[in-house]
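Enquirer:
Protein chains: 2
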Amino acid sequence: MQESFERELLRGSLDLMVLSIIAEGPQYGYSIQKRVAHVSREQVSLAAGTLYPLLHRLEGDGLIKSRWDEETGRRRKWYEITAAGKRSLKQKAQHWQQYAECVWSLIGPFAANPKPLTG
Amino acid sequence: MQESFERELLRGSLDLMVLSIIAEGPQYGYSIQKRVAHVSREQVSLAAGTLYPLLHRLEGDGLIKSRWDEETGRRRKWYEITAAGKRSLKQKAQHWQQYAECVWSLIGPFAANPKPLTG
DNA sequence: TGCTATGCATAGAAAGGCGATACATCCACG
DNA sequence: CGTGGATGTATCGCCTTTCTATGCATAGCA
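Chains as they are written, first to last, in my numbering: chain C, 4 to 122; chain B, 4 to 122.
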């Protein structure tokens with residue numbers, strides 16, 4: 004699991020999803036939760052206990068940077084993507100796509116409903 | 004992460020890949036390793052320390068069943084999918100597809116190479 | 001006054017994946 | 001005949017990710 008694909012691809016795609024959401028424009032934790040819920044049509048609810056450590060991890064890796072909201076006095080912590088984060092996102096997104104195609108080549112036949120050719 | 008999608012979808016898709024490989028026809032551990040390497044064009048190498056516990060887990064869940072090769076006297080342990088495994092595979096494959104579409108809707112714009120319209 | 005939504009955070013447990021290690025057989029090459 | 005590499009299954013302990021539970025604070029509404 005160590006050659007071309009990062010091992011994270013085998014784990015979840017959460018890092019990637021969160022990073023791409025921040026890449027769309029500045030976000031804070033709670034807005035990311037809502038965005039994930041929205042794009043998944045309320046199928047995925049990203050727990051706070053998952054999200055915040057994840058954000059700290061991404062920031063520690065230099066992929067995003069944060070800034071406390073000055074306006075309301077430390078209510079929201081805004082995140083934006085860094086240049087390194089953009090590079091990482093593009094690369095990881097391409098890898099994810101390749102990986103997904105590989106998975107799909109295996110499971111596709113079983114996911115599809117039987118074709119109504121004979122039915 | 005607990006409503007319609009199983010949480011495993013956030014983790015790897017390994018269970019699903021292995022289950023679908025076994026669904027293609029009887030397999031033993033080593034042949035599954037080779038098959039994964041092949042379909043991923045040698046991009047993914049499934050470590051033995053990952054595969055065998057995974058197979059034991061699937062068997063414990065009743066999704067596959069095993070039988071030692073009688074011919075050569077306990078050299079290979081053959082696995083085949085059970086009826087419950089087939090049902091599980093179909094459902095999980097459909098869920099994975101939905102989840103992948105959700106991920107793709109987020110990361111697709113960042114994975115794509117810039118269109119050579121102006122280049 | 002309470003209940004709900006917003007908003008961030010950590011601690012501890014559970015689980016998956018990986019590297020290392022172990023052991024046995026088979027075959028090709030020298 | 002010996003040695004190394006491929007085949008073949010298995011476990012252990014570590015590391016990382018994810019989840020549950022908990023904590024705290026503010027805002028708005030009934």
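From the three backbone atoms N, C-alpha and C, an ideal C-beta is built for every residue, glycine too.
#1: Look at the alpha carbon of C:Leu17 and the alpha carbon of C:Gln97, and state the distance between them as a whole number of angstroms.
#2: Identify whether C:Gly101 lies in helix, strand or coil by the three-state DSSP scheme.
#3: Spatial neighbours of C:Ile24 within its chain, please: C-beta separation below 8 Å, excluding the five flanking residues on both sides.
#4: I'd like to know whether the C-beta atoms of C:Val106 and B:Trp99 end up nearer to each other than 9 Å.
#5: Quick one: what does DSSP say B:Arg44 is sitting in, helix, strand or coil?
#6: On the premise that C:Gly88 lies in contact with C:Leu58, defined as a C-beta separation below 8 Å, what is that separation, rounded to the nearest angstrom?
#7: Let's see if you can read the secondary structure: which residues bound the beta strand (DSSP E) around C:Ser69?
#8: Shorter than 9 Å from the beta carbon of C:Lys37 to some beta carbon of chain B?
#9: Tell me the DSSP secondary structure of B:Glu3 in three-state form.
#10: Under 7 Å Cβ-Cβ, which residues of chain B neighbour C:Gln97?
Expert: Straight from the coordinates:
#1: 15 Å
#2: The sequence given here has Gln at residue 101 of chain C, not Gly. Helix at C:Gln101.
#3: The answer, listed in chain order, is Gln30, Ile35, Arg38 and Val39.
#4: Judged by beta-carbon spacing, B:Trp99 lies within the 9 Å limit of C:Val106, meaning their Cβ atoms are closer than that value.
#5: coil
#6: C:Leu58 to C:Gly88, Cβ: 12 Å. No contact.
#7: Ile67 to Trp71
#8: no
#9: An answer regarding residue 3 of chain B cannot be provided, because it is not within the stretch 4 to 122 covered by chain B.
#10: By Cβ distance, chain B contributes Ala114.
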